[in-house]
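Residue numbers (our numbering): 305 to 365.
Backbone N, C-alpha and C define an ideal beta-carbon position, used for all residues, glycine too.
Because the structure is a prediction, the values reported are computed rather than measured.
First the structure, in the form of structure tokens, and then the observations on it.
Shown next, in the form of structure tokens:
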């Protein structure tokens, strides 16, 4: 499970980068990060509590 944890940390880092891009109105970068994750089979759901992501039917906070 160590690889999964590292992958989760990488995804969380990308989501943080995406949030920063959105905050600075760099929507092209935010969209590029979303597209990169989508290509890896990861869907992002933006919620009032922050972004959540899912893969293989699982939801990660």
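Given a cut-off of 8 Å on the beta-carbon distance, is the pair residue i and residue j in contact?
i	j	result
residue 347	residue 333	no
Once you ignore the five residues that flank residue i on each side, which residues in its own chain have a CB closer than 8 Å to its CB?
i	result
residue 305	Because the pLDDT of residue 305 is 44, which lies under 50, any placement of that residue in the model is unreliable, and the number read from its coordinates should be weighed accordingly. Nothing listed; no residue qualifies.
residue 355	319, 322, 323, 348 and 349
For residue i, which residues of its own chain have a beta-carbon under 7 Å away from its beta-carbon, when the five flanking residues on both sides are left out?
i	result
residue 339	none
To the nearest angstrom, how far is the alpha carbon of residue i from that of residue j?
i	j	result
residue 323	residue 342	16 Å
residue 315	residue 336	14 Å
residue 313	residue 328	23 Å
residue 311	residue 353	22 Å
Excluding the 5 residues flanking residue i on each side, which residues of the same chain have their C-beta closer than 6 Å to its C-beta?
i	result
residue 325	333 and 334
residue 345	359
Which residues does DSSP list as the beta-bridge partners of residue i?
i	result
residue 350	355
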